[in-house]
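When you read off a place in the sequence shown, starting at 1, and then add 355, the result is the number in this note's numbering.
All residues carry an ideal CB built from backbone N, CA and C; glycine is no exception.
Since the structure is predicted, the reported quantities are computational estimates derived from the model, not experimental observations.
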Amino acid sequence: MGAASIAGKALIPAITSSHNGRLVSIASRDPARAEQMAAQHSIPRCAQSYEALLEDPEVDAVYIPLVNSLHKEWTLRALAAGKHVLCEKPLAMNALEAEEMAAAAAGSGRRLMEAFMYRFHPRTRQYVEDLRGEASPLHVQASFGFPLNDSSNYRLVKDLGGGALMDVGCYTASAARWILGEPDTVLAEGRTGDTGVDLTVSALLHFKAGATASLWCSFESAEEQGLTAVTPKGTFALTTPFTAWRDPDDPYQLMVESFADSVIGGKQVAIPLEESVANMRLIDRIREAARI
356 MGAASIAGKA
366 LIPAITSSHN
376 GRLVSIASRD
386 PARAEQMAAQ
396 HSIPRCAQSY
406 EALLEDPEVD
416 AVYIPLVNSL
426 HKEWTLRALA
436 AGKHVLCEKP
446 LAMNALEAEE
456 MAAAAAGSGR
466 RLMEAFMYRF
476 HPRTRQYVED
486 LRGEASPLHV
496 QASFGFPLND
506 SSNYRLVKDL
516 GGGALMDVGC
526 YTASAARWIL
536 GEPDTVLAEG
546 RTGDTGVDLT
556 VSALLHFKAG
566 ATASLWCSFE
576 SAEEQGLTAV
586 TPKGTFALTT
596 PFTAWRDPDD
606 PYQLMVESFA
616 DSVIGGKQVA
626 IPLEESVANM
636 RLIDRIREAA
646 RI
């Protein structure tokens, strides 16, 4: 649902390469754009609208890569139409929206999962499992930044859910929570740009057992991402933790296959909605602490 660049670059190849999924249709606000992408990727059908896509009886599930402000609306509409939903991160604009989406999924009997593909890469999963085992992290540092200089980019539009925290900071929040759990206290500061969205945000989290985490995200830096854990046994770092592209495993394909397994087998999704709601709560707390 939508012809976003991430769909053509990552999700369409992931679905077509998966062992348990089949891509049957695509829709976009711009039908010409959808037709172009359908032809480029040999997609059998091209729906003339999002509504038409949801009415298609051959569609079991939809992928939603729309701007953040549209996640809730089209997730709710898709669930109401009887479709399972794989929705891009962050799941919603805030925790209240995420809770409403989770409740709708539970009431519909359909699966809803946030598309945090980085959690499916085998090396990342092993890294976190090792840390959560005997390593007992004392401090976690997570960072994600890149230069965004295009003033027309939707990531710089506040009403669309833009800002560094929502776009890439959600990864750092997710990673820290995955390793350490839920923080007790949150301190944060941020810098906003001319369009009113946050361009750089840093946060310090404190956890009940005494561990801490520092998070940093930015649209003003050179390309930067990292995940480091300081433990009594040493310091362990993971390079490119959030965009490990097909090296050799494709986290997008692994995510699609996991989601499809949940749909086909009626199982719990790999990223439970409680997890997604909790991540939005932390993003809300960072936003409030930083006054952005």
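| Item | Value |
| --- | --- |
| At what residue ranges does the region 482–560 contain a whole run of the alpha helix (DSSP H), taking only runs of 4 or more? | 525–535 |
| Starting from the N-terminal side, write out each stretch of the alpha helix (DSSP H) that is 4 residues or longer and does not extend beyond the region 372–398. | 386–396 |
| Could you check where the beta strand (DSSP E) with Y418 kicks off and where it finishes? | 416–419 |
| Using the Cβ count rule (16 or more neighbours within 10 Å means buried), how would you classify E469? | buried |
| What residues are listed by DSSP as bridge partners for Q403? | In DSSP, Q403 forms no bridge with anything. |
| Return the first residue and the last residue of the beta strand (DSSP E) that G581 is part of. | 579–586 |
| Exposed or buried, what is R377 when buried is set at 16 or more other beta-carbons lying within 10 Å of its beta-carbon? | exposed |
| Would you list the residues sitting across from L441 in a DSSP beta bridge? | Y418, M468 |
| Within a Cβ cutoff of 8 Å, which residues of the same chain sit near D411, ignoring the five residues on either side of it in sequence? | V379, S380, R400, A402 |
| Between the region 493–505 and the region 564–581, do at least 3 Cβ pairs fall closer than 8 Å? | yes |
| Hey, is the region 546–559 in contact with the region 594–611, meaning 3+ C-beta pairs nearer than 8 Å? | no |
| Could you give the distance in angstroms between the alpha-carbon of V632 and the alpha-carbon of E443? | 14 Å |
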